[in-house]
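Have a look at the structure below, then the notes.
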């Protein structure tokens, strides 16, 4: 990652490593609910933001995820 990049804690970037990756936004509050979903194909990138409405993001499929904690990949899981 270039040194000039500044990663904001409120955002994550998701890059699909395969076709059909699903990203699901989950709500805050007493009951956690699905409120939005997106499908990505290989190579597509989505930037998601945690807000007063979105407290979690669920990802199905192989991705590379860029967060303030670093870069994570889930394609090497056994």
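Numbering (the working numbering), first residue to last: 35 to 112.
Even for Gly, the Cβ is constructed at its ideal location relative to N, Cα and C.
Quantities reported herein were computed from a predicted structural model and do not represent experimental measurements.
Runs of the beta strand (DSSP E) spanning 3 or more residues and lying entirely within the segment 62-102 occur at 68-74, 79-83, 88-94, 97-101, in chain order. Going by DSSP, residue 104 is part of the beta strand (DSSP E) stretching over 104-107. By the CB criterion at 9 Å, residue 71 and residue 81 fall outside the cutoff. Cβ neighbours of residue 52 within its own chain (closer than 7 Å, five residues either side excluded): 76, 95, 96.
Short of 6 Å from the beta carbon of residue 67, and not among the five residues preceding or following it, lie these beta carbons of its own chain, in chain order: 61.
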